[in-house]
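Q:
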Amino acid sequence: MMMKKLTGLILLLLLAACDVNQPKAPLLKGQWQCRSGITITFTGQQDYIVTSPASESAGVYKLTVGENNYHRIEWNPGIADVEAPLPTRFRYFENGKLARLSFYTHVVDDAVPCERRL
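Here it is, written out as structure tokens:
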């Protein structure tokens with residue numbers, strides 16, 4: 665009886681350890697306020713709308729979940745001649761009240777920070 669309990673406990677611990685190491689998808693759905701007056705809205709169906717003081721655009725995206733909160737987003741995959749509204753790499757953070765995205769290229773100073781209330 666004790667051996668079954670011990671085996672069950674070991675299996676639970678292994679499953680928990682496997683789950684902790686799996687990258688988690690960021691919760692993009694909703695409206696994000698970004699620097700320079702840009703607003704991006706993710707519908708949750710892989711659609712987005714970007715509005716800025718100069719224009720509005722819409723399209724689709726494909727999310728690639730990474731590790732340590734580093735992720736990639738492909739803007740309008742398979743559609744030629746469409747300019748990406750923001751850089752393709754980003755970090756995601758949340759603290760229970762606020763979620764933050766930081767889109768960046770190779771230059772950290774050029775990062776585009778965005779945030780939304782949870």
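Heads up, the final residue of the sequence shown is numbered 782 in our numbering, and it's a clean run with no missing numbers.
The beta carbon of each residue, even a glycine, is placed where N, CA and C say it ideally should be.
1. Determine the extent of the beta strand (DSSP E) in which Lys-726 is found, giving its start and end residues.
2. Compare the Cα-Cα distances from Gly-708 to each of Ser-721, Cys-698, Leu-727, Glu-720 and report the closest residue.
3. In the DSSP assignment, the beta strand (DSSP E) including Ala-763 goes from what residue to what residue?
4. Is the beta carbon of Phe-767 closer than 9 Å to that of Leu-782?
5. Does DSSP put Thr-745 in a helix, in a strand, or in coil?
6. Whole angstroms are fine: how far does the CA of Asn-759 sit from the CA of Gly-694?
7. Throw me the rounded Cβ distance for the Tyr-712 and Gly-723 pair, which I believe falls under 8 Å.
8. Between Tyr-738 and the rest of its own chain, which residues show a CB-CB distance below 6 Å, the 5 nearest in sequence each way excluded?
A: According to the structure shown:
1. Numbered from its first residue, the sequence shown carries residue 726 at position 62. Counting along the chain, the beta strand (DSSP E) containing Lys-726 begins and ends at 720-728.
2. As a position in the sequence shown, residue 708 is number 44, starting the count at 1. Cα-wise, what sits closest to Gly-708 is Leu-727.
3. The residue labelled residue 763 in the question sits at position 99 within the sequence shown. Here the beta strand (DSSP E) through Ala-763 covers 762-768.
4. Within the sequence shown, the letter at position 118 stands for residue 782. Within the sequence shown, the letter at position 103 stands for residue 767. No, Cβ-Cβ distance for Leu-782 and Phe-767 is not below 9 Å.
5. Locating residue 745 in the sequence shown gives position 81, counting from the first residue. It should be noted that the sequence gives Asp, not Thr, for residue 745. Looking at Asp-745 - three-state DSSP - the assignment turns out to be coil, as it is neither helix nor strand.
6. In the sequence shown, residue 694 corresponds to position 30, counting from 1. In the sequence shown, residue 759 corresponds to position 95, counting from 1. Going by the C-alpha atoms only, they are around 16 Å apart.
7. By 1-based counting over the sequence shown, the position of residue 712 is 48. By 1-based counting over the sequence shown, the position of residue 723 is 59. With 8 Å as the limit, Tyr-712 and Gly-723 qualify as a contact, their Cβ atoms being about 6 Å apart.
8. Here residue 738 refers to the residue found at position 74 of the sequence shown. Residue 738 is actually Glu in this sequence, not Tyr. Excluding positions up to five away in sequence, the list reads Lys-726.
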